[in-house]
Structure formats: C-alpha cells, structure tokens
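To start, the structure under review is shown below, and the notes come after it.
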Amino acid sequence: VIVLGAIAAIPMPVLKQTGFVDFAWVKAGVLLIVMALLGWFYFHLKEQRLVIFAAAMLMLRIGFDWFIIPPRYDDFQVHKIGALKAAEVTGDAPLHIFKDSETEHATSFYITLGKMQLLKHKYEGFNSTDFYYLDPRLLPDSAYHTVYDFNLFRHDQPLKIARLKPSTADDLNKK
Numbered sequence: 011v012i013v014l015g016a017i018a019a020i021p022m023p024v025l026k027q028t029g030f031v032d033f034a035w036v037k038a039g040v041l042l043i044v045m046a047l048l049g050w051f052y053f054h055l056k057e058q059r060l061v062i063f064a065a066a067m068l069m070l071r072i073g074f075d076w077f078i079i080p081p082r083y084d085d086f087q088v089h090k091i092g093a094l095k096a097a098e099v100t101g102d103a104p105l106h107i108f109k110d111s112e113t114e115h116a117t118s119f120y121i122t123l124g125k126m127q128l129l130k131h132k133y134e135g136f137n138s139t140d141f142y143y144l145d146p147r148l149l150p151d152s153a154y155h156t157v158y159d160f161n162l163f164r165h166d167q168p169l170k171i172a173r174l175k176p177s178t179a180d181d182l183n184k185k
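Quick note, the working numbering runs 10 ahead of the 1-based positions in the sequence shown.
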C-alpha cells in the first residue's frame with residue numbers, strides 16, 4: 011500500500027482530471043517523498059510497522075483530499091443546482107419518488123433540503139396534483155406532464171419532475 015501510494019502520486023499533476031489542482035506538483039512531491047520515507051521506515055523499523063502503516067493511511071487520505079475531492083466538487087455543482095431547482099419548481103406541493111425511479115443520495119439530499127420535506131417513494135395512491143420525481147423509463151411520455159428535467163450526478167439519464175395525467179393516476183391506482 012505504501013509503495014502504491016508513492017507511485018500513485020507521480021502522475022497526479024499531469025492527469026487532466028487532477029492537473030488543475032492548486033500546487034499539484036508540490037502536493038504530488040510531498041506525497042511521493044512522505045510515502046517513500048514511510049516505506050523506508052516500514053522496512054527498517056519493524057517494531058513500529060503499525061504506527062507507520064497508520065501514518066501512511068493518513069497520508070493517503072490527505073492525498074485523496076488534495077487530488078480527488080476538488081474535481082468531484084466541481085462536477086457536482088451543476089447537479090446540486092439542478093436538484094435545488096427541482097425542489098423550487100414544486101413549491102409547497104408534495105413531491106414523491108415515483109415507484110422505483112432511479113435516484114442517488116446527493117440529489118435526494120438537496121431536493122429534501124430545498125423542500126424541507128422528506129422525499130419518499132410512492133407505490134400507490136397516485137393523483138394528478140402531486141409532483142413526482144420520475145424516471146422516464148417507467149412511464150411513456152404521454153402519461154405525465156413534465157415540469158422540470160434534471161440529471162443525476164454521474165448519470166446520463168435525465169430524470170423529470172412531473173405531474174401525472176388524471177387518466178394515468180386512475181390506471182395506476184387500479185393495479
């Protein structure tokens with residue numbers, strides 16, 4: 011693990027995904043040198059291996075914070091704004107997750123935060139006045155009125171905030 015951590019530091023400044031990080035070369039150099047020193051200590055101070063291993067794990071976590079979190083943060087901001095907008099367009103009206111529509115934690119968190127209402131799956135008792143967080147693969151386009159389209163984080167499938175048509179709600183409630 012220590013050797014892999016040292017090797018992983020080398021390409022970080024030149025990778026497209028992580029090269030834009032502030033002081034990428036300095037951070038990669040620090041990570042490489044510290045991991046190399048910890049590796050040397052690990053093989054020469056056998057009675058201290060557990061402490062050295064813990065220090066290496068801490069250094070790997072610092073490297074993760076330096077190189078992995080910034081790109082994820084930038085990528086996610088678009089999705090955060092979309093989720094908050096999805097909450098905003100529904101106003102005070104109830105919003106439910108339609109049956110087993112695809113979701114992920116961050117999007118549902120920001121919708122819940124924006125609405126100040128817990129987002130729950132709904133499998134029965136459908137109506138045409140509530141809003142639904144809807145995966146369009148579950149119903150044909152003709153079954154609902156789209157209010158807002160948005161994407162999940164790291165998914166290319168757009169989801170919808172929609173209202174069911176009265177005939178669709180009736181058909182779903184008969185099943």
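Ideal Cβ placement from N, Cα and C applies to all residues, glycine included. Since this is a predicted model, take the numbers as computed values, not measurements.
| said: Using a 10 Å radius around the Cβ and a threshold of 16 neighbouring Cβ atoms, would you call Ala64 buried or exposed? | reply: Locating residue 64 in the sequence shown gives position 54, counting from the first residue. Classification of Ala64: exposed, given that the 10 Å Cβ count is below 16.
| How many whole angstroms separate the CB atoms of Pro104 and Phe141, which I take to be in contact at a CB cut-off of 8 Å? | Working through the sequence shown from its first residue, we reach residue 104 at position 94. Working through the sequence shown from its first residue, we reach residue 141 at position 131. The pair is a contact, with the Cβ atoms about 7 Å apart (cut-off 8 Å).
| query | How about the stretch 64-77 and the stretch 101-118: do they share at least three Cβ pairs that are nearer than 8 Å? | reply | no
| request: Inspect the beta-carbon positions of Asp145 and Glu112 and report whether they are closer than 8 Å. | output: Reading the sequence shown from its first residue, position 135 is the one you call residue 145. Reading the sequence shown from its first residue, position 102 is the one you call residue 112. It is a contact, given that the beta carbons lie within the stated cut-off.
| field | Where Phe30 falls: helix, strand or coil (DSSP) | value | The residue given as residue 30 occupies position 20 in the sequence shown. Coil at Phe30, not helix or strand.
| field | Classification of Val24 by the beta-carbon crowding that lies within 10 angstroms, buried from 16 upward | value | Along the sequence shown, one-based indexing puts residue 24 at 14. It counts as exposed.
| field | Burial state of Leu139, where buried means 16 or more other Cβ atoms lie within 10 Å | value | Here residue 139 refers to the residue found at position 129 when the sequence shown is read from its first residue. The sequence as given places Thr at residue 139; Leu does not occur at that position. So Thr139 counts as exposed.
| query | For Ala116, which three-state DSSP category applies? | reply | Taking the sequence shown and counting its residues from 1, the one referred to as residue 116 is at position 106. In this structure, Ala116 counts as helix in the three-state DSSP scheme.
| Roughly how many angstroms lie between the CA atoms of Val44 and Ile62, to the nearest whole one? | If you number the sequence shown from 1, residue 44 lands on position 34. If you number the sequence shown from 1, residue 62 lands on position 52. Their Cα atoms are separated by approximately 11 Å.
| query | If you compare alpha carbons, which of Leu70, Met67, Ala116 is closest to Ile91? | reply | The residue given as residue 91 occupies position 81 in the sequence shown. Measuring from the Cα of Ile91, the nearest candidate turns out to be Ala116.
| message | I need the boundaries of the alpha helix (DSSP H) containing Thr178, first residue and last residue. | response | Along the sequence shown, read from residue 1 onward, the residue named residue 178 stands at position 168. Per DSSP, Thr178 belongs to the alpha helix (DSSP H) from 176-184.
| task | Check Pro81 in the structure and name its three-state DSSP category. | result | Stepping through the sequence shown from its first residue, residue 81 is reached at position 71. Note: Pro81 maps to helix in three-state DSSP.
| query | When the distance is taken between beta carbons, is Tyr52 closer than 8 Å to Ala93? | reply | By 1-based counting over the sequence shown, the position of residue 93 is 83. By 1-based counting over the sequence shown, the position of residue 52 is 42. Against a cut-off of 8 Å, the Cβ pair of Tyr52 and Ala93 comes out as no contact.
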